[in-house]
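So for the sequence shown, this note's numbering puts the first residue at 28; every next one is plus one.
C-beta atoms are modelled at their ideal positions from N, C-alpha and C, and glycine is treated no differently.
Right, one structure below, let's go through it.
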Amino acid sequence: MTLLAAVDESAQMLFSPKTVQAEDRSRVEVIGADEVLCAENARQLMSALTKVALADAPDAPDAPGTR
28 MTLLAAVDES AQMLFSPKTV QAEDRSRVEV IGADEVLCAE NARQLMSALT
78 KVALADAPDA PDAPGTR
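Below is the structure:
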């Protein structure tokens, strides 16, 4: 997600976030199934980000990505 946030307009290649704001609350962007523009690319990106996050976890095995 940091990569998506670091590059202007990069998230819009995969997602079209819906802005939601409740009374007395900050606006948030929601990405649900209807907001995904390219499901396969989004799935691959999220899978890669998850693997990187798990590999960087303090209790990660010595060989990341082997599961």
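Please report the residue range of the beta strand (DSSP E) in which residue i lies.
{"i": "Val57", "result": "Val55 to Val57"}
Comparing alpha-carbon positions, which option in the options lies nearest residue i?
{"i": "Lys45", "options": "Glu36, Arg52, Gly59 and Asp51", "result": "Gly59"}
{"i": "Glu62", "options": "Val47, Leu76 and Leu81", "result": "Val47"}
The alpha helix (DSSP H) that contains residue i, what's its start and end?
{"i": "Val63", "result": "Looking at the DSSP string, Val63 is not in any alpha helix (DSSP H), and its letter there is neither H nor E."}
Problem set entry | Cβ contact (3+ pairs, closer than 8 Å) linking the stretch 63-81 and the stretch 36-48 | yes
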